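Visitor:
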Amino acid sequence: MPHEVTPKERSWLLQEKYAGIETPEFENDLLRLAEGVPLAYVIGHVPFLSASIDLSHKPLIPRVETEHWVAEAIANLRTHDKVPKTILDLFSGSGCIGVAFAQAFPDASVHFAEYDAALIPEIEENVRRNMLSPTHTKVFQSDVFSNVPDRYDVITANPPYIPESRKSALDASVTDFEPHEALFGGEDGLAFIRPLITETPKFLNPGGSLFVEFDSAQKDVIKDLAHTSGAWRETRFIRDQYDEWRAVELVRN
Numbered sequence: 001m002p003h004e005v006t007p008k009e010r011s012w013l014l015q016e017k018y019a020g021i022e023t024p025e026f027e028n029d030l031l032r033l034a035e036g037v038p039l040a041y042v043i044g045h046v047p048f049l050s051a052s053i054d055l056s057h058k059p060l061i062p063r064v065e066t067e068h069w070v071a072e073a074i075a076n077l078r079t080h081d082k083v084p085k086t087i088l089d090l091f092s093g094s095g096c097i098g099v100a101f102a103q104a105f106p107d108a109s110v111h112f113a114e115y116d117a118a119l120i121p122e123i124e125e126n127v128r129r130n131m132l133s134p135t136h137t138k139v140f141q142s143d144v145f146s147n148v149p150d151r152y153d154v155i156t157a158n159p160p161y162i163p164e165s166r167k168s169a170l171d172a173s174v175t176d177f178e179p180h181e182a183l184f185g186g187e188d189g190l191a192f193i194r195p196l197i198t199e200t201p202k203f204l205n206p207g208g209s210l211f212v213e214f215d216s217a218q219k220d221v222i223k224d225l226a227h228t229s230g231a232w233r234e235t236r237f238i239r240d241q242y243d244e245w246r247a248v249e250l251v252r253n
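If you read the sequence shown in the UniProt record's numbering, its first letter stands for residue 1, the second for the next number, and so on.
(1) With DSSP collapsed to three states, give me the class of D153.
(2) Please classify V80 as buried or exposed, where buried requires at least 16 neighbouring CB atoms within 10 angstroms.
(3) The alpha helix (DSSP H) spanning G98 covers which residue range?
(4) Nearest to E213 by CA position, among H180, E178, S92, S173, is which residue?
(5) Restricting to Cα atoms, I'd like to know which of L55, G186, L119, V83 is closest to R166.
(6) Where does P24 land, buried or exposed, given buried means 16+ other C-beta within 10 angstroms?
(7) Can you tell me where the beta strand (DSSP E) with L204 in it begins and where it stops?
(8) Under the rule that 16 or more other beta-carbon atoms within 10 Å means buried, what is E178, buried or exposed?
(9) Can you list, in chain order, the residues of its chain with a C-beta nearer than 8 Å to that of E199? Leave out the 5 residues immediately preceding and following it.
(10) Going by DSSP, what residues sit across from F140 in a beta bridge?
(11) Could you tell me whether the region 31-39 touches the region 202-217, where touching means 3 or more Cβ pairs closer than 8 Å?
(12) Based on the DSSP secondary-structure assignment, which residues constitute the bridge partners of A51?
(13) Would you call the CB atoms of T228 and L250 closer than 8 Å?
(14) Let's test the definition: count the other Cβ atoms within 10 Å of the Cβ of P62 and tell me whether it reaches 16, buried, or not, exposed.
(15) What span of residues does the beta strand (DSSP E) with D89 cover, start to end?
(16) For A247, report the span of its alpha helix (DSSP H) as first-last.
(17) Pull up the distance between the alpha-carbon of S209 and that of W232, whole angstroms please.
(18) Going by Cα to Cα distance, which pick from A40, V83, V248 is closest to Y152?
(19) Apart from the five residues on each side of it in sequence, which residues of its chain come closer than 7 Å, Cβ to Cβ, to E124?
(20) Going by Cα to Cα distance, which pick from R246, N126, K202, D240 is closest to I222?
(21) By Cβ distance below 7 Å, which residues in the same chain neighbour E189 in space, the five residues on each side in sequence not counted?
(22) Can you list, in chain order, the residues of its chain with a C-beta nearer than 6 Å to that of G95? Leave out the 5 residues immediately preceding and following it.
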C-alpha cells in the first residue's frame with residue numbers, strides 16, 4: 001500500500017543510515033518507504049535500551065512499549081534484590097529482550113529460544129553485535145518449551161497475542177511486512193499465553209519470575225488464569241508509557 005514519506009522519516013533515514021549524505025541508495029530507500037516498508041526494516045536496525053538490534057532477517061520489530069516494560073522489569077528485579085543467574089527469553093524473535101536482560105545482568109547465563117529456525121542467525125547476530133559473552137549465552141530452536149533444557153530464575157516472553165479478529169484494524173505496514181506468526185495469538189489472542197501461565201512453573205526455580213507481554217484488554221483474564229493455576233504467589237502488572245497495561249510479572253511459589 002502506498003505510503004507518504006514524512007519529513008521526519010526522511011530525516012531519520014538520512015541521518016541514521018547515510019550519515020546525512022544523500023546517495024542513490026538513499027533515494028532507493030525512499031522508494032521502499034513509499035511502498036510501505038517499515039522504516040525500521042529500511043534502516044536495518046533499531047535501538048533497544050542500551051542495545052542495537054539488527055533487523056536484517058525481518059523479525060518482529062521491537063516496540064517502544066516493549067522497551068518500556070523491559071526497563072521496568074529489570075528495575076523491579078533490582079528493587080526486590082533479585083539478581084538472576086539464569087534467564088530464558090522465549091519467543092525471542094530478534095533477541096532484543098534477552099539482550100537487554102543480558103546487558104543488565106552481565107554475570108547471568110542467558111538462553112534465547114525461538115521457534116522460527118530462520119531467526120536463529122538473527123539472534124546470534126544480535127548477541128555478537130552487542131558483544132555479549134559467548135560463554136554466558138546460548139541460542140536454540142524450540143517450540144515454546146519443547147527443547148528447553150533447564151530451570152531458570154527468570155523467563156521472559158513476548159508471545160503472539162493479537163486476536164485474529166483485529167487483523168483488519170492493523171496498519172498495512174504491519175500486516176504486509178511483519179511476520180504474522182509473531183503477531184497473532186488465535187481467536188482471543190491467548191493461544192500462547194494460556195499454556196505459558198500453566199506450563200512455565202515447571203521451568204522456573206522457586207521464587208523465579210515470568211514476565212509476559214500482553215494486550216491491555218487481556219489483563220483480567222490473565223489475572224484469573226494465574227490465580228486458578230495455583231502456581232504463582234505474586235502477580236504484578238506493568239503499564240507502558242501510554243498508561244496501558246502491557247506486561248505481567250508472575251512469581252512462582
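For every residue, glycine included, the Cβ atom is placed at its ideal position computed from N, Cα and C. Just so you know, these numbers come straight off a predicted model, no measurement behind them.
Guide: Considering the structure as presented:
(1) Taking the first residue of the sequence shown as 1, we reach residue 153 at position 153. Three-state result, D153: strand.
(2) In the sequence shown, counting from the first residue as 1, residue 80 sits at position 80. Note that residue 80 corresponds to His in the displayed sequence, not to Val. H80 comes out exposed.
(3) Numbered from its first residue, the sequence shown carries residue 98 at position 98. Taken as a continuous stretch (DSSP letters only), the alpha helix (DSSP H) holding G98 covers 96-104.
(4) The residue labelled residue 213 in the question sits at position 213 within the sequence shown. Comparing C-alpha distances from E213 to each of H180, E178, S92, S173 shows the shortest one belongs to S92.
(5) For this step, residue 166 is matched to residue 166 along the sequence shown. Cα-wise, what sits closest to R166 is G186.
(6) Residue numbering aside, residue 24 sits at position 24 when the sequence shown is read from its first letter. P24 is exposed by the Cβ-count criterion.
(7) As a working note, residue 204 is residue 204 in the sequence shown. It spans 204-213 - the beta strand (DSSP E) in which L204 sits, taken as one unbroken run.
(8) Residue mapping note: residue 178 aligns to position 178 of the sequence shown, counting from 1. Its Cβ being crowded by 16 or more others within 10 Å, E178 is buried.
(9) Here residue 199 refers to the residue found at position 199 when the sequence shown is read from its first residue. Residues V144, F145 of the same chain have their beta carbon placed closer than 8 Å to that of E199, with the five preceding and five following residues left out of the count.
(10) Counted from its first residue, the sequence shown places residue 140 at position 140. DSSP lists A113 as partners of F140.
(11) Counting Cβ pairs under 8 Å, fewer than three are found: no touch.
(12) In the sequence shown, the residue the question calls residue 51 occupies position 51. According to DSSP, which records beta bridges pairwise, A51 is partnered with F48.
(13) Mapped onto the sequence shown, residue 228 falls at position 228. Mapped onto the sequence shown, residue 250 falls at position 250. No, they are not a contact pair.
(14) One-based indexing of the sequence shown puts residue 62 at position 62. Classification for P62: buried.
(15) Numbered from its first residue, the sequence shown carries residue 89 at position 89. Where D89 is concerned, the enclosing beta strand (DSSP E) stretches over 86-90.
(16) Numbered from its first residue, the sequence shown carries residue 247 at position 247. Premise fails: A247 lies in the beta strand (DSSP E), 245-252, not in any alpha helix (DSSP H).
(17) The residue given as residue 209 occupies position 209 in the sequence shown. The residue given as residue 232 occupies position 232 in the sequence shown. Looking at the two C-alpha atoms, the distance is approximately 9 Å.
(18) As a position in the sequence shown, residue 152 is number 152, starting the count at 1. Checking every option, the nearest Cα to that of Y152 belongs to V83.
(19) As a working note, residue 124 is residue 124 in the sequence shown. Taken in chain order, the residues that qualify are V139.
(20) On the sequence shown, residue 222 is found 222 positions in, with the first residue counted as 1. If we check each option's Cα against that of I222, R246 comes out closest.
(21) Here residue 189 is taken as the residue at index 189 of the sequence shown, counted from 1. Residue 189 is actually Gly in this sequence, not Glu. Excluding residues within five positions, the ones whose Cβ falls inside 7 Å are Y161, I162, P163, D215, Q218.
(22) As a working note, residue 95 is residue 95 in the sequence shown. For G95, where only same-chain residues beyond five positions count, the Cβ hits under 6 Å are F112, I123, N126.
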